[in-house]
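Protein chains in written order, with the working numbering: chain A, 436 to 624; chain P, 252 to 421.
Here a beta-carbon is modelled for each residue, glycine too, at the ideal position from N, C-alpha and C.
In this text, all values refer to a predicted model and were calculated from it rather than measured experimentally.
See structure below.
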């Protein structure tokens, strides 16, 4: 009850927007999500955004739902979870029914295809852009960069499970803190 | 049927590790092989439709399958079912992180987690890009989109739909 209706309605609309503009899986939500949560509303700082990514990757479930639950709860408690989930799932019902009708009528498929021809490369570019932006903000040492490259190779060339990459990152961070020279240590504020 | 739909999606929500696409084999096993609700071809159609539509693929699939099994109420049951385990499992995990955030070991772990998360995001772009950037046109679109994002304050939403419209005229 301590949370405002205003916050809940912005959560609802953000996830509504996310639901309508996401093409290609939950990770494709990251650019819009970061823009809204970090830049526009300032609900999370850069470090907290990374924390969100870690926690959401570590639990089972649909990625988009995890984002909604995490951000909703962080910002406005259980009411926020509900608003975010409602916004996220409402468009799906309408769009799926609409799309099913479109497909069965055999019309419009060409238009949908053309639309996606423009959308798909854009989504790739936006995800890459957010990744590079996050990297600039969070990677400060040779160790960070080496670990990043190692994880990237695991993911791209060995189709390694994201959870395993999260685990490796955590262990590497702990190992460096225990073994590395003092000057190399840095503390996340 | 509605209760059965709900329970099936609770089950999928619990074992859906690494996103919806990672759990496709599980969904296929349940709905096609074990229960026989769909043929293999129908299942392929479902995946095509859910992948094409905007929104979370998992929620799209849940609404679509739920609707086919038990109408509008079925699609609601499916969405609530797939989201419920996440709510129950994620909230305590969030609590734990908040509680131990100041712990030195946890802090050290997060130092290594930042590059790992960046790799996850960049890795997604690379994997998607391998299938998507297939010709000069798509590569040019990607480069322009990246520049727009980097040097303008445009909301990503406009960039996505803008290039969708560009696709229509190309």
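What in chain P is Cβ-close to residue i, meaning under 7 Å?
i                     : result
residue 605 (chain A) : 360, 363, 364
residue 520 (chain A) : 334
residue 563 (chain A) : 373, 376, 397
residue 501 (chain A) : 337, 341
residue 554 (chain A) : 411, 414, 415, 418
residue 528 (chain A) : 314, 326
residue 608 (chain A) : 359, 360, 361, 362, 363, 364
residue 443 (chain A) : Here the premise fails: no neighbours, minimum Cβ distance about 16 Å.
Quick one: measure Cβ to Cβ for residue i and residue j, integer angstroms, because I've assumed they're closer than 8 Å.
i                     : j                     : result
residue 557 (chain A) : residue 257 (chain P) : Going by Cβ atoms, the distance from residue 557 (chain A) to residue 257 (chain P) rounds to 36 Å, so no, they are not a contact pair.
residue 526 (chain A) : residue 407 (chain P) : The pair is not a contact, with the Cβ atoms about 17 Å apart (cut-off 8 Å).
residue 253 (chain P) : residue 325 (chain P) : 6 Å
residue 495 (chain A) : residue 340 (chain P) : 7 Å
residue 601 (chain A) : residue 489 (chain A) : 6 Å
residue 497 (chain A) : residue 307 (chain P) : 6 Å
residue 650 (chain A) : residue 374 (chain P) : Because residue 650 (chain A) is not part of the residues shown, which for chain A are 436 to 624, the question remains open.
residue 484 (chain A) : residue 472 (chain A) : 7 Å
residue 518 (chain A) : residue 577 (chain A) : Their Cβ separation, rounded to whole angstroms, is 43 Å, which puts residue 518 (chain A) and residue 577 (chain A) out of contact at 8 Å.
residue 493 (chain A) : residue 598 (chain A) : 7 Å
residue 305 (chain P) : residue 454 (chain A) : 7 Å
residue 530 (chain A) : residue 379 (chain P) : The Cβ separation is near 21 Å, so there is no contact.
residue 372 (chain P) : residue 569 (chain A) : 6 Å
residue 283 (chain P) : residue 516 (chain A) : Contact flag wrong, Cβ pair sits at about 32 Å.
How big is the Cα-Cα spacing for residue i and residue j?
i                     : j                     : result
residue 310 (chain P) : residue 451 (chain A) : 13 Å
residue 596 (chain A) : residue 501 (chain A) : 17 Å
residue 574 (chain A) : residue 369 (chain P) : 9 Å
residue 619 (chain A) : residue 522 (chain A) : Because residue 619 (chain A) carries a pLDDT of 47, less than 50, the predicted location of this residue cannot be relied on, and the following value inherits that uncertainty. In a straight line, the C-alpha of residue 619 (chain A) is about 44 Å away from that of residue 522 (chain A).
residue 547 (chain A) : residue 384 (chain P) : 18 Å
residue 477 (chain A) : residue 288 (chain P) : 46 Å
residue 565 (chain A) : residue 610 (chain A) : 28 Å
residue 401 (chain P) : residue 411 (chain P) : 14 Å
residue 312 (chain P) : residue 393 (chain P) : 28 Å
residue 534 (chain A) : residue 315 (chain P) : 10 Å
residue 275 (chain P) : residue 461 (chain A) : 14 Å
residue 376 (chain P) : residue 421 (chain P) : 23 Å
residue 417 (chain P) : residue 463 (chain A) : 20 Å
residue 327 (chain P) : residue 588 (chain A) : 40 Å
residue 612 (chain A) : residue 358 (chain P) : 9 Å
residue 583 (chain A) : residue 320 (chain P) : 44 Å
residue 262 (chain P) : residue 334 (chain P) : 11 Å
residue 625 (chain A) : residue 317 (chain P) : Past the boundaries of the shown model lies residue 625 (chain A); chain A is included only from 436 to 624, so the question cannot be answered.
residue 474 (chain A) : residue 300 (chain P) : 33 Å
residue 329 (chain P) : residue 550 (chain A) : 29 Å
residue 322 (chain P) : residue 409 (chain P) : 34 Å
residue 482 (chain A) : residue 343 (chain P) : 20 Å
residue 622 (chain A) : residue 362 (chain P) : Residue placement at residue 622 (chain A) is poorly supported in this model, since its pLDDT is 47, which falls under 50; the coordinates still yield a value, given next. Taking the straight line joining both Cα atoms gives about 8 Å.
residue 524 (chain A) : residue 356 (chain P) : 38 Å
residue 364 (chain P) : residue 545 (chain A) : 43 Å
residue 298 (chain P) : residue 286 (chain P) : 18 Å
residue 366 (chain P) : residue 290 (chain P) : 43 Å
residue 456 (chain A) : residue 614 (chain A) : 45 Å
residue 295 (chain P) : residue 332 (chain P) : 22 Å
residue 509 (chain A) : residue 487 (chain A) : 10 Å
Note down, in chain order, every chain P residue with its Cβ under 8 Å from the Cβ of residue i.
i                     : result
residue 504 (chain A) : 334, 337, 338, 341, 342
residue 549 (chain A) : 418, 419, 421
residue 488 (chain A) : 368, 371, 372
residue 546 (chain A) : 419
residue 523 (chain A) : 306, 307, 310
residue 534 (chain A) : 300, 303, 304
Name, please, each residue of chain P whose Cβ falls closer than 9 Å to the Cβ of residue i.
i                     : result
residue 461 (chain A) : 270, 271, 307, 308, 309
residue 573 (chain A) : 365, 366, 368, 369
residue 569 (chain A) : 365, 368, 369, 372, 373
residue 485 (chain A) : 361, 364, 365, 368, 369
Name the chain A residues whose beta carbon is nearer than 7 Å to that of residue i?
i                     : result
residue 380 (chain P) : 559
residue 266 (chain P) : 495
residue 383 (chain P) : 555, 556, 559
residue 407 (chain P) : 466, 467, 470, 561
residue 401 (chain P) : 564
residue 330 (chain P) : 524
residue 348 (chain P) : 486, 490
residue 356 (chain P) : 609
residue 345 (chain P) : 490, 505, 508
Does the Cβ of residue i lie closer than 8 Å to at least one heavy atom of the ligand NAD?
i                     : result
residue 478 (chain A) : In terms of ligand content, the structure shown is empty, and the ligand NAD therefore cannot be addressed.
Could you work out which residues of chain A lie near residue i, taking near to mean beta carbons separated by less than 8 Å?
i                     : result
residue 392 (chain P) : 553, 556, 557, 560
What residues from chain B crowd round residue i, counting only those whose CB sits closer than 7 Å?
i                     : result
residue 516 (chain A) : Checking the listed chains, one finds no chain B in this structure; the protein chains it contains are A and P.
| field | Contiguous beta strand (DSSP E) assignments of at least 3 residues, all confined to the segment 326-384 of chain P | value | Positions of the beta strand (DSSP E) runs, each at least 3 residues long and wholly inside the segment 326-384 of chain P, cannot be given because no such run exists.
| task | Only counting runs of 4 or more residues, tell me where the alpha helix (DSSP H) segments fall wholly within the segment 438-475 of chain A, in order along the chain. | result | If we require 4 residues or more, the alpha helix (DSSP H) runs fully inside the segment 438-475 of chain A come out as 440-456, 465-469.
| Can you list, in chain order, the residues of the segment 583-600 of chain A whose Cβ is nearer than 7 Å to any Cβ on chain P? | Result list: 583, 586, 587, 590, 591, 596, 597, 598, 600.
| task | Scan the segment 464-481 of chain A for residues whose Cβ lies nearer than 7 Å to a Cβ of chain P and list them as they occur along the chain. | result | Those residues of the segment 464-481 of chain A placed with their C-beta closer than 7 Å to a C-beta in chain P are 465, 466, 467, 470, ordered along the chain.
| task | Could you run through the segment 447-458 of chain A and flag, in chain order, every residue whose CB is less than 7 Å away from some CB of chain P? | result | Those residues of the segment 447-458 of chain A that come within reach of chain P (Cβ to Cβ, closer than 7 Å) are 452, 454, 455, 456, 457, 458.
| task | List in chain order: all unbroken alpha helix (DSSP H) runs of 4+ residues lying wholly within the segment 483-554 of chain A. | result | Counting only runs of 4 or more, we get 498-540.
| query | What beta strand (DSSP E) runs, 3 residues minimum, are completely inside the segment 572-614 of chain A? | reply | Listed in chain order, there is nothing to give.
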